[in-house]
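Numbering (the working numbering), first residue to last: 60 to 988.
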């Protein structure tokens with residue numbers, strides 16, 4: 060045991076670390092990654108989002124165990140890789156902070172995790188320097204009392220400056236099949252000459268003929284197209300696929316020939332497991348050996364299948380899950396197959412992710428450059444949560460589909476899923492040298508791993524990790540044909556061995572992309588192609604293809620250019636197009652290996668704008684000047700001018716001798732674009748716009764126009780302000796950004812002609828009204844006396860947008876004039892501004908009424924007193940509201956008296972109402988008996 064270290068010793072270690080480490084960053088290929096070089100070794104780290112342990116249940120992690128990663132070189136203060144407690148039942152390191160926590164949580168052991176790997180694999184000892192560059196020697200498992208609080212322990216150790224990471228040991232689980240059938244049948248009889256495996260006819264994932272599986276007929280062709288792929292490649296014994304799962308029955312007669320020579324970390328002590336054996340069989344059961352099932356990359360029965368490395372991550376006393384990836388990479392595995400996950404969504408182990416990163420960087424063996432590839436089942440929870448490690452950007456996540464192409468009901472899903480594969484009712488090997496059906500994403504995942512193994516087998520030693528990844532996710536069939544409601548949640552598509560091999564072959568094709576594409580007129584466009592690589596073969600032709608459909612190819616020949624051979628960028632001119640039409644275009648390049656296309660781009664040719672200019676009598680105006688944006692033309696003898704513009708919004712102006720110039724904004728859309736204009740003669744006595752000619756920034760001013768033929772649109776500087784069925788508007792967006800200081804009222808007549816009335820406005824850009832300067836008006840009690848509360852100089856009152864003549868004071872009482880009132884004030888800066896609207900009703904004056912005798916026999920007198928003079932009415936109605944008597948009168952005196960004889964009415968209570976002009980009715984009750 061080393062003694063307590065000093066601050067000086069810590070500083071010395073830090074200096075040594077800095078001097079011995081060469082570190083710099085590189086851009087990442089996928090996800091948020093950091094890439095650095097430590098002592099010459101490439102070290103990659105993917106994203107590590109924070110986990111809120113307070114939200115994680117205790118059932119998600121082991122009790123009595125946790126993991127820490129020391130800060131660089133800090134493990135050196137422990138004397139040995141395994142440090143155990145003394146007689147005090149907790150470890151004493153000599154470091155006060157550590158020992159305080161060791162005592163608090165009764166830490167009984169510190170164990171360096173990497174030593175388990177070295178104890179089972181001499182080969183890995185040769186990579187010790189690389190392991191230390193990755194920091195694997197800094198990871199320790201701490202053992203403590205099971206009653207200790209793991210969350211608190213993690214928090215306390217994470218707070219130590221000597222600790223880089225502290226985390227629980229999260230529980231892992233196999234993605235157990237949701238359905239299992241061990242029928243032990245070995246002779247289902249295959250009618251195929253190749254493969255001749257006698258269970259092959261029920262392996263719908265490899266060849267779906269529509270056969271019934273578990274009573275459900277499939278959809279023919281919904282498979283991985285294995286037979287087409289096998290015409291190209293069947294396997295390569297130099298390709299190793301590590302199966303991180305339960306142990307494989309390595310001596311199974313349908314697997315033994317395709318097992319890796321060392322089997323795995325446990326060797327012949329590997330514990331056979333149904334799950335791991337089933338998964339391994341899908342990847343590489345020996346194909347065409349007259350027994351059992353065919354593996355995706357199992358060869359042709361002559362010993363050329365890929366090899367399976369069995370890494371049992373669930374056996375106690377063996378290497379950890381994280382070390383499984385280190386072992387696989389160190390021993391030449393190219394593909395890591397995983398059908399397991401955590402028991403709780405949203406959690407992960409940083410140690411495990413580091414192991415995955417190590418495999419992604421250092422795996423591949425001699426088969427593939429750039430690292431290995433880690434493929435994970437998405438999980439069987441029918442859930443879209445963050446199910447790590449499949450959720451990790453460093454892994455390829457696989458969802459499951461049925462023999463009808465639909466998502467398996469159990470399969471997890473989400474935008475983090477990369478691809479889908481057959482996973483329901485999959486027949487494969489099981490322990491006891493037998494066979495059975497299982498369903499789960501655990502069964503889908505090995506189909507993708509098998510396809511990956513076929514691709515690597517075909518291009519052994521010359522394919523990169525990135526090329527393999529792209530071939531897998533791009534070489535797919537449409538999964539959303541049968542899952543339209545899950546678009547974007549099941550990855551790029553259904554895995555296809557045939558298409559993945561084709562996509563991988565395209566690395567010999569030219570790689571090209573479509574750069575800028577744009578229309579230059581109504582009839583022409585230009586498109587630029589960029590050749591990224593020639594694929595190693597001379598490019599014989601290049602150019603662009605275009606079509607009105609969204610998939611232009613050389614074959615449809617709707618339009619194409621040929622810019623000759625050789626590499627390099629180029630620009631093609633596209634001619635013979637139609638106006639106002641959407642076209643799709645993409646660049647292409649051809650070499651002796653085939654033709655590649657860039658991404659599809661689209662453009663729309665310029666629209667034809669037809670402008671017809673007439674006078675007020677609809678007579679054509681010849682030689683009128685029509686300007687749309689920067690394009691100018693004259694009208695012909697029919698008063699028509701034609702221009703071409705891209706889709707967009709344009710300013711226009713139209714002028715002619717003897718007529719007022721008009722203008723505005725015009726939207727050029729995808730439909731027919733016609734602008735019909737009526738020019739008003741200069742001596743016209745037509746309507747004009749009433750309102751202020753001088754405003755300030757932020758002024759709100761009422762403008763009004765009367766005697767117009769139809770409702771119109773108010774515009775400031777050509778831009779729409781408000782479109783209403785009235786002939787007035789509050790214009791509220793005066794600003795110094797307005798170039799055209801013209802206010803227009805534009806009317807579109809019934810025959811679709813535009814008439815514009817306009818008013819020039821001076822905008823004082825130096826005077827800006829604060830928004831708090833907006834005047835306010837109020838009612839006073841029940842009487843609508845409008846009071847402006849601003850101490851302004853001038854007042855103009857408006858009713859329904861029309862100036863109320865003579866009302867220029869701060870107070871205004873609009874007696875018996877219901878409507879919407881506003882006041883426009885002009886302050887000491889001569890800046891007009893307008894209040895919000897105030898709705899008022901007429902001023903009402905009530906009178907008094909007397910009815911007698913009451914009760915009566917039907918004859919009674921009404922006396923009504925009121926100062927109001929004018930016409931009125933008397934109504935009598937019964938208790939149900941039915942009017943039984945009504946008469947009108949003209950009131951010229953203050954007192955009105957009427958004698959009524961209603962003796963014919965039934966007994967009851969009656970309501971008497973008297974109205975004068977717009978007064979509130981005066982009501983009385985009379986009883987007739």
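All C-beta atoms in this analysis are idealised placements derived from N, C-alpha and C, irrespective of residue type, glycine included.
- Under the DSSP assignment, residue 882 falls in the beta strand (DSSP E) whose first and last residues are 878 to 885.
- When DSSP states are grouped into helix, strand and coil, residue 304 belongs to the strand group.
- For residue 787, the enclosing beta strand (DSSP E) covers residues 787 to 790.
- Here the stretch 353 to 369 lies against the stretch 301 to 318, with 3 or more beta-carbon pairs under 8 Å apart.
- Judged by DSSP in its simplified three-state form, residue 587 adopts strand.
- Excluding its 5 nearest sequence neighbours in each direction, residue 732 has C-beta neighbours in its own chain below 6 Å: 666, 668, listed in chain order.
- Each of 880, 775, 545 was checked against the Cα of residue 898, and the nearest Cα belongs to 880.
- Taken in chain order, the complete alpha helix (DSSP H) segments of 4 or more residues contained in the stretch 494 to 531 are 500 to 517.
- Inter-residue distance for residue 227 and residue 213 is about 7 Å (C-alpha atoms, whole angstroms).
- By the CB criterion at 7 Å, residue 183 and residue 389 fall inside the cutoff.
- In the three-state DSSP reduction, residue 556 falls in the helix class (H, G or I).
- Taking the CA atoms as reference points, residue 416 sits about 19 Å from residue 199.
- Residue 337 counts as buried, since at least 16 other C-beta atoms from the protein chains shown sit within 10 angstroms of its C-beta.
- Excluding residues up to 5 positions away in sequence, 467, 470, 482, 500, 503 lie with their Cβ nearer than 6 Å to the Cβ of residue 459 in the same chain.
- Taking C-beta atoms as the reference points, residue 461 and residue 340 fail to come closer than 7 Å.
- The beta carbon of residue 377 sits closer than 8 Å to the beta carbons of 175, 179, 324, 325, 371 from its chain, once the five residues preceding and following it are set aside; these are given in chain order.
- Within the same chain, Cβ atoms closer than 6 Å to the Cβ of residue 538 are found at 479, 549, 552, 553, the five residues on either side in sequence being excluded.
- Contact between residue 662 and residue 576 holds: CB atoms are separated by about 5 Å, below the 8 Å threshold.
- Nearest to residue 288 by alpha-carbon distance, out of 515, 893, 628, 614, is 515.
- In the same chain as residue 696, and ignoring 5 residues on each side of it, the C-beta atoms closer than 8 Å to its own belong to 679, 681, in chain order.
- Residue 497 sits buried, since 16 or more C-beta atoms from the chains shown fall within 10 Å of its C-beta.
- Here the stretch 402 to 412 does not lie against the stretch 423 to 431, with fewer than 3 beta-carbon pairs under 8 Å apart.
- In this structure, residue 302 sits away from residue 366, with a CB-CB distance that is not shorter than 7 Å.
- Between the alpha carbons of residue 967 and residue 912 lies a distance of about 15 Å.
- The three-state secondary structure of residue 190, taken from DSSP, is helix.
- Counting other Cβ atoms within 10 Å of its Cβ, residue 334 reaches 16 or more and is therefore classed as buried.
- Within 10 angstroms of the beta-carbon of residue 928 lie fewer than 16 other beta-carbons, which makes it exposed.
- Under the three-state reduction of DSSP output, residue 831 falls in the helix class.
- Going by C-alpha positions, residue 621 is about 33 Å away from residue 727.
- DSSP places residue 175 within a helical segment (H, G or I) once states are collapsed to three.
- Annotated three-state conformation of residue 419 is helix, per DSSP.
- Pairing residue 123 with residue 205 gives a Cβ-Cβ distance under 7 Å.
- Annotated three-state conformation of residue 214 is helix, per DSSP.
- By alpha-carbon distance to residue 887, the top candidate from 387, 862, 754, 975 is 754.
- Taking a cut-off of 8 Å for Cβ pairs, the stretch 581 to 593 and the stretch 639 to 657 touch, as three or more such pairs fall below it.
- The three-state reading of DSSP puts residue 734 in strand, counting E and B together.
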